[in-house]
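Participant: Numbering (our numbering), first residue to last: 54 to 222. From the three backbone atoms N, C-alpha and C, an ideal C-beta is built for every residue, glycine too. What you are looking at is a predicted structure, and each value in this text was computed from that prediction instead of being measured.
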Ligand SMILES: Cc1cc2nc3c(=O)[nH]c(=O)nc-3n(C[C@H](O)[C@H](O)[C@H](O)COP(=O)(O)O)c2cc1C
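1. Spatial neighbours of residue 113 within its chain, please: CB distance less than 8 Å, with the 5 preceding and 5 following residues excluded, ordered by chain position.
2. Just to confirm before moving on: does the CB-CB distance between residue 167 and residue 198 stay below 7 Å?
3. Starting from the N-terminal side, write out each stretch of the alpha helix (DSSP H) that is 4 residues or longer and does not extend beyond the stretch 143-169.
4. Using 8 Å for Cβ pairs, my map puts residue 116 next to residue 70. What's the rounded Cβ distance?
5. Less than 7 Å between the beta carbons of residue 162 and residue 106, yes or no?
6. With distances taken between CB atoms, is the gap from residue 192 to residue 150 smaller than 7 Å?
7. Residues in the same chain with beta-carbon distance under 6 Å from residue 74, minus the five sequence neighbours each way, listed in chain order, please.
8. So, are the CB atoms of residue 65 and residue 160 less than 7 Å apart?
9. Can you name the start and end residues of the beta strand (DSSP E) that residue 129 belongs to?
10. Among 101, 57, 206, 60, which has the Cα closest to the Cα of residue 152?
11. The beta strand (DSSP E) that contains residue 63, what's its start and end?
12. Should residue 197 be counted as a contact of ligand 1 given a C-beta to heavy atom distance under 6 Å?
13. Going by C-alpha to C-alpha distance, which of 164, 121, 214 sits closest to residue 196?
14. Residue 196 lies in the beta strand (DSSP E); which residues open and close that run?
15. Got a sec, what are the start and stop residues for the beta strand (DSSP E) residue 102 sits in?
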């Protein structure tokens, strides 16, 4: 566990190996609270979240998504959905901010997490929507796979001064 909130940002790493003990409901609730604390354009909050804990459902997500094999071990997945009718232009950004908040909250709670890209890949989005009974008009931005980490990774910043431009390019 890391105490300094800025350190959580550096400590957050993609974890793809998990222990089998489940994530407590209190922690899931805190991650969802963090998700819904994200900024959103016009405070429109176009998000919906599907919480998946059942082993069979997690396994099916691992089968459907080509880069989600860690879902066979993960004990939790949070599927980040969006209603474009609520925010036509900004749902991707809003739901990305919510996804990042879930990752950071997970790190602060001692969990391992990984962001799984879904939008704009139709071949991922459509079968996942069908499987999870998501209404046609809604979108899926991402999935966060999570659990107690069975692998540790180094904190790091990846800071690159070459990507910083002062007062213009
Ligand atoms: C939009 C997006 C989509 C991603 N999709 C996947 C994915 O499908 N499967 C996966 O294992 N990791 C995925 N990742 C995690 C990246 O591979 C990871 O963030 C990157 O390698 C940097 O490593 P770090 O998260 O440990 O800093 C995704 C990350 C983002 C932001």
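Facilitator: Put simply:
1. 184
2. In this structure, residue 198 lies closer than 7 Å to residue 167 by Cβ.
3. 144-161
4. Contact doesn't hold; Cβ gap of about 19 Å is too wide.
5. no
6. The answer is no: Cβ separation not under 7 Å.
7. Answer for residue 74: 201, listed in chain order.
8. yes
9. 129-135
10. 101
11. From DSSP, residue 63 is part of no beta strand (DSSP E) but of the alpha helix (DSSP H) over 58-64.
12. no
13. 121
14. Here the beta strand (DSSP E) through residue 196 covers 192-200.
15. 100-105
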